[in-house]
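Read through the structure below, which is laid out as structure tokens, and then see the notes.
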Amino acid sequence: MNNQPIGLMDSGVGGLTVYKQVYNLLPNESYVFVGDQANLPYGEKSPKEVLDLTKRITEWLIKNKNIKMLVIACNTATAAALPKIKSMFEIPIIGVIEPGSYMAATQTKNNKIGIIATDGTVKSGKYNELISEFNNEAQIYSLGCPRFVPMIEDGLAHTPQMKKVVDEDLAFFDNTEIDTLVLGCTHYPIIQELIQDRLKKVVLINPGIATANTVNEYLVNHHLLSDQVIGNSEFISTGDTEQFTQTANELLNRKDIKAQHIDI
Ligand code: DGL
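As numbered in our numbering, residues 194 to 457 make up the sequence shown, in order.
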């Protein structure tokens, strides 16, 4: 048993979609979530910059919050940094790309899989690599959607402007016959309904769901589950906490979240 908190990090509010899945599965764990909004978006930074930012947040979470595990709740940071970060720290570190790739590779019926993600994640080729490893017949169509994250961060997720941008970008998949689409950025489940509306028959894969299962399995197998009746969650932003607080309450269907600001 281990009652230390689980750390989660993202560039912004997107990682909350992963927190939501992990929390639903393990509500008696404690959590510390860091959204690095001072440095958003990660999707347009070089892999080296993303690695440095991820390393700084990991160090902070270990030193200040004594986390027992880190979930990199960001595809871009997972793509740019996961193996290196794992080799730098002793705590277990879990990313979102491998669990999401497995889910997509095994759920498709016609082996035609789409991926939407940040440009950084698309350029890394990590989803293509892992999906092909799990399903060597997969045909993969990847699309970078750099307009999505800034709009979601600005609180525009449920507006006609967002719908227009989603409809325009997803036209890319019109002649591909994909039956499965990976939401390869943790911000995208926030606009899942708009995406589903544009691609009606396509099964959407939220890697956060698969990641939550991976976290659970790891904690069970290593006897690291908490024995608290109810855990505590802290939400931290390196940027402006106002929009973060509002999105977090909306997304998690709560009223009591108040994000703290830190400079890392
Ligand atoms: N939410 C992040 C991801 O999953 C990145 C968004 C960004 O900062 O560009 O890739």
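Idealized CB from N, CA, C, for every residue including glycine. Remember, it's a predicted structure, so these values are computed and weren't measured experimentally.
Figure out for me which residue from 384, 311 and 346 has the closest Cα to the Cα of residue 438.
-> 346
How many Å lie between residue 390 and residue 194 at the Cα?
-> 44 Å
Just the C-alpha distance for residue 441 and residue 435, rounded to the nearest angstrom, thanks.
-> 10 Å
Extent of the continuous alpha helix (DSSP H) run through residue 327 = 319-327
Taking one C-beta from the segment 275-285 and one from the segment 309-317 each time, how about it: are there three or more such pairs within less than 8 Å?
-> no
How do the segment 289-308 and the segment 319-339 stand: do at least 3 beta-carbon pairs fall below 8 Å, yes or no?
-> yes
Please go through the segment 336-402 and give each complete alpha helix (DSSP H) segment of 4 or more residues, from N-terminal end onward.
-> 341-346, 353-363 and 385-391
Return yes when the C-beta of residue 204 is under 7 Å from any heavy atom of the ligand DGL, and no when it is not.
-> yes
With residue 250 and residue 222 assumed to form a contact (beta carbons below 8 Å), what rounded beta-carbon distance in angstroms separates them?
-> At roughly 19 Å, the Cβ-Cβ gap does not stay under 8 Å, so residue 250 and residue 222 are not in contact.
Check whether the Cβ of residue 338 sits closer than 7 Å to any heavy atom of the ligand DGL, and report yes or no.
-> no
Expected contact under 8 Å - CB spacing of residue 201 and residue 211 to nearest Å | 6 Å
Kindly examine the ligand DGL and report whether one of its heavy atoms sits closer than 7 Å to the Cβ of residue 452.
-> no
With 16 other CB atoms within 10 Å as the buried threshold, where does residue 364 fall?
-> exposed
Please report the residue range of the alpha helix (DSSP H) in which residue 307 lies.
-> From DSSP, residue 307 is part of no alpha helix (DSSP H) but of the beta strand (DSSP E) over 305-310.
With residue 250 as the anchor, note down where its alpha helix (DSSP H) starts and where it stops.
-> 240-258
Per DSSP, what kind of secondary structure is residue 412 in: helix, strand or coil?
-> helix
Ignoring anything shorter than 3 residues or poking outside the segment 254-295, list the beta strand (DSSP E) runs there in chain order.
-> 262-265
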